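Written out below as structure tokens is the structure these notes cover.
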Amino acid sequence: MATSYNKAAAGRRANLSQAGTAQSRVFEGAYAVAMQVVELREKQGLTQIQLAERSGIDQGDISRIERGSAMPNEKTLIRIADALSADLMLVPRSEK
């Protein structure tokens, strides 16, 4: 039986150094932002090109954000949120 990603990742996370744990949280945050952008864009039936035109952000940058390979700054996130008629907000973390 195959091991789930979460089970395999949990074992690796337990062995991470403090710096590795911080780096993992940054990656997970970038991925969470990316998935929110993709979800909102697709719900509105927009292509990356259309979102780029609405936000004034290069389509290549939209692609990198959606892949999680770029972490946009606050101004970029606000422009994307505005283009998607969404609010940008911080929410408390859930305890794990």
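If you're matching positions, the sequence shown starts at -8 in our numbering and goes up one per residue.
Don't be surprised by glycine CBs; every beta carbon is placed ideally from N, CA and C.
Treat the numbers as computed from the prediction; the structure is a model and nothing was measured.
For the alpha helix (DSSP H) containing residue i, list its first residue and its last residue.
i, result
"THR12", "9 to 34"
"THR67", "65 to 74"
"GLU86", "Careful: GLU86 lies outside any alpha helix (DSSP H) and carries neither H nor E."
Among the options, whose alpha-carbon lies nearest the alpha-carbon of residue i?
i, options, result
"ARG16", "GLY59, ALA74 and ILE71", "GLY59"
"TYR22", "ALA43, GLU57 and ASN6", "GLU57"
"ALA61", "MET80, ARG32 and GLU19", "GLU19"
"GLY47", "SER8, LEU68 and VAL24", "LEU68"
"LYS34", "GLY11, LEU7, SER54 and SER76", "SER76"
So residue i packs on residue j, CB below 8 Å; how close in whole Å?
i, j, result
"GLN50", "ILE40", "5 Å"
"LEU42", "ARG32", "5 Å"
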